[in-house]
Amino acid sequence: MDKTSFFNDVFEVVRLIPSGRVTSYGAIAEYLGAKRSARMVGWALNGSGGQSIPAHRVVNRNGLLTGKTHFGEPNKMERLLVDEGISVVENKIQDFDQVFWDPAIELL
DNA sequence: CACATGACTGGAT
DNA sequence: AATCCAGCCATGT
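Each residue of the first sequence is one higher than the one before, starting from 20 at the first, in our numbering.
Here it is, written out as structure tokens:
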């Protein structure tokens, strides 16, 4: 298991997130067995540039679009989510519990 | 090698 | 309910 495996696993899970759904860094980290390494998930997504990774579907546990600043255009992430049917107000996902997609449950 | 920072989280205040 | 603090781990200075 080299380091790239972690990144690859993160990308794989994120790619499996269905449209109109979102998940959290902690949920992905937990699914990968590193629940205390949510920060590493964010770091992994940092290298998702160039890959076909819908990173806009990954937010923090509050449903807050903390990573929007890394999309080049701060409004791009929110626009993409809204376009998929997710309600976003002031960088915050509305009905977060309804659109939340947990790989540890949905990906059984 | 030590310290600071970050796309986080959970518990405490 | 809002804010603060400590834990985690990789990367940069």
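Ideal Cβ positions, reconstructed from N, Cα and C, are used throughout, including at glycine.
If you're wondering where the values come from, they're calculated on a predicted model, not measured in any experiment.
| Item | Value |
| --- | --- |
| Same chain, Cβ closer than 7 Å to residue 95, five either side skipped, listed in chain order | none |
| Three-pair Cβ contact test at 8 Å for the region 22–34 versus the region 104–121 | no |
| Residue 92 classed as buried or exposed, judged by whether at least 16 other C-beta atoms fall within 10 angstroms | exposed |
| Contact check, residue 42 vs residue 80, beta carbons under 8 Å | no |
| For residue 32 and residue 117, the rounded distance between their alpha carbons | 19 Å |
| Any alpha helix (DSSP H) of 4 or more consecutive residues that is wholly inside the region 63–122 | 95–102 and 115–118 |
| Cβ-heavy atom distance, residue 56 to the ligand GTP, below 7 Å | The ligand GTP is absent from the structure shown, which contains no ligand whatsoever. |
| Under the three-state DSSP convention, the category residue 24 falls into | helix |
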